[in-house]
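Visitor:
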Amino acid sequence: GAVVSQHPSWVICKSGTSVKIECRSLDFQATTMFWYRQFPKQSLMLMATSNEGSKATYEQGVEKDKFLINHASLTLSTLTVTSAHPEDSSFYICSARDTGTLRTDTQYFGPGTRLTVL
Amino acid sequence: QKEVEQDPGPLSVPEGAIVSLNCTYSNSAFQYFMWYRQYSRKGPELLMYTYSSGNKEDGRFTAQVDKSSKYISLFIRDSQPSDSATYLCAMQTGANNLFFGTGTRLTVIP
Numbered sequence: 006g007a008v009v010s011q012h013p014s015w016v017i018c019k020s021g022t023s024v025k026i027e028c029r030s031l032d033f034q035a036t037t038m039f040w041y042r043q044f045p046k047q048s049l050m051l052m053a054t055s056n057e058g059s060k061a062t063y064e065q066g067v068e069k070d071k072f073l074i075n076h077a078s079l080t081l082s083t084l085t086v087t088s089a090h091p092e093d094s095s096f097y098i099c100s101a102r103d104t105g106t107l108r109t110d111t112q113y114f115g116p117g118t119r120l121t122v123l
Numbered sequence: 003q004k005e006v007e008q009d010p011g012p013l014s015v016p017e018g019a020i021v022s023l024n025c026t027y028s029n030s031a032f033q034y035f036m037w038y039r040q041y042s043r044k045g046p047e048l049l050m051y052t053y054s055s056g057n058k059e060d061g062r063f064t065a066q067v068d069k070s071s072k073y074i075s076l077f078i079r080d081s082q083p084s085d086s087a088t089y090l091c092a093m094q095t096g097a098n099n100l101f102f103g104t105g106t107r108l109t110v111i112p
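Chains A and B, in that order, give the protein sequences.
Taking our numbering, the leading residue of the first sequence gets 6, the next gets one more, and so forth.
Taking our numbering, the leading residue of the second sequence gets 3, the next gets one more, and so forth.
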């Protein structure tokens with residue numbers, strides 16, 4: 006149980022294009038999902054918290070117009086990197102909090118999406 | 003000062019050794035403590051979850067929390083090559099954001 010998937014797992018795009026990453030909770034409902042970015046040999050940095058049916062909350066220093074987050078259902082959140090540049094190349098990981106259990110504090114992570122911007 | 007401090011390693015041990023991984027933290031409001039394992043180019047996998055102080059054991063893994071010292075540990079007994087990964091500690095005050103350590107890269111040598 007508590008499986009989170011991400012799609013795609015790997016994407017290469019040209020500078021200036023937009024890329025959409027999907028995060029799905031497969032066997033549970035998630036009112037809240039989180040988006041992290043991880044650079045090589047560094048820890049996870051929280052980018053934003055996504056709540057179903059409302060606007061995402063972005064961490065300080067994260068451009069909300071560049072990283073568009075949509076959480077349209079209890080099982081799906083999307084992150085769109087708009088006008089991507091090489092410095093946006095990173096490993097993007099989502100996590101979801103299981104709304105339906107008592108352990109609402111536990112986050113389950115997706116496998117990550119590696120973005121390379123040429 | 004970071005909220006969570008973790009020695010990044012790398013740490014290399016022979017197969018069968020006992021591994022000790024540690025984190026310290028500064029926020030006394032943290033109540034939930036986790037250890038995640040992350041293989042290269044994969045998402046973190048929840049290994050251990052502990053609420054407040056005390057010990058928790060799961061197979062070869064033991065998590066310890068000492069809130070008075072603001073110190074948590076993960077012990078791996080009889081370490082295996084398949085345990086080679088980066089281990090991340092994480093903690094939170096409640097149903098809020100997770101604060102991660104930088105991760106310790108572990109290699110278990112056959």
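Virtual Cβ for every residue (Gly too), placed ideally from N, Cα, C.
#1: Take the Cβ of Gly61/B as the centre, count every other Cβ of all protein chains shown within 10 Å, and call the residue buried at 16 or more, exposed below.
#2: Which chain D residues sit within Cβ distance under 7 Å of Tyr51/B?
#3: Under 8 Å between beta-carbons, which chain B residues line up against Pro116/A? List them in chain order, please.
#4: Which residue spans inside the segment 39-79 of chain B form an unbroken beta strand (DSSP E) run of at least 3?
#5: Does Leu73/A come within less than 8 Å of chain B when only Cβ atoms are used?
#6: Of the residues Gln33/B, Ala19/B and Ile20/B, which one's Cα is nearest the Cα of Tyr73/B?
#7: Between Leu127/B and Tyr113/A, how many whole angstroms is the CB-CB distance? I'm expecting something under 8 Å.
#8: Tyr41/B: buried (16+ other C-beta within 10 angstroms of its C-beta) or exposed?
#9: At the 8 Å Cβ level, is Thr104/B part of the contact set with chain A, yes or no?
#10: Could you please tell me which residues of the segment 47-79 of chain A, in chain order, have their CB closer than 8 Å to any CB of chain B?
#11: Would you mind sorting Phe39/A into buried or exposed? The rule is 16 or more other CB atoms within 10 Å of its CB.
#12: Along the segment 72-105 of chain B, where does the CB come closer than 7 Å to a CB of chain A? Name the residues.
#13: Which word fits Ile17/A, buried or exposed, when buried means at least 16 other C-beta atoms lie within 10 angstroms of its C-beta?
Guide: If we stick to the structure as given:
#1: exposed
#2: Going by chain labels, chain D is absent from the structure shown, which instead holds the protein chains A and B.
#3: Lys44 and Gly45
#4: 47-53, 56-60, 63-68 and 73-78
#5: no
#6: Gln33/B
#7: Because residue 127/B is not part of the residues shown, which for chain B are 3 to 112, the question remains open.
#8: exposed
#9: yes
#10: Gln47, Ser48, Leu49, Leu51 and Thr54
#11: buried
#12: Leu90, Gln94, Gly96, Ala97, Asn99, Leu100, Phe102, Gly103, Thr104 and Gly105
#13: exposed
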